[in-house]
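Take a look at the structure set out below.
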Amino acid sequence: MKKSIPTIIAVAAALALTGCSTLDTNRYTYQLDEERMKQAPALTRTAAHTGHVVWVNPPQKQVKAEQK
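Sequence positions in the sequence shown follow the numbering used here and run 1 to 68.
Okay, here's the thing in structure tokens:
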């Protein structure tokens with residue numbers, strides 16, 4: 001009985017990993033959020049303390065991917 005427990009755990013883990021690999025992960029894609037990027041220059045004009053905006057991580061929005 002004690003020798004079969006690691007085998008059972010290994011088989012269960014292998015089945016779980018193969019089940020996760022068959023999931024469709026391409027339901028959504030990310031695109032640049034142009035609306036939020038257009039707001040940044042307006043902020044530099046209205047606030048005296050805001051300088052030049054440089055995007056390190058530009059804002060992105062989640063969009064449904066097209067079905068194949």
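A virtual CB, placed ideally from N, CA and C, is assigned to each residue, including glycine.
Between which two residues does the beta strand (DSSP E) harbouring residue i extend?
i: V56; result: Run containing V56: none; DSSP gives neither H nor E here.
So what does DSSP say about residue i, is it helix, strand or coil?
i: K38; result: helix
Hey, residue i and residue j are a contact pair by Cβ (cut 8 Å); roughly how many whole angstroms apart?
i: P58; j: L32; result: 6 Å
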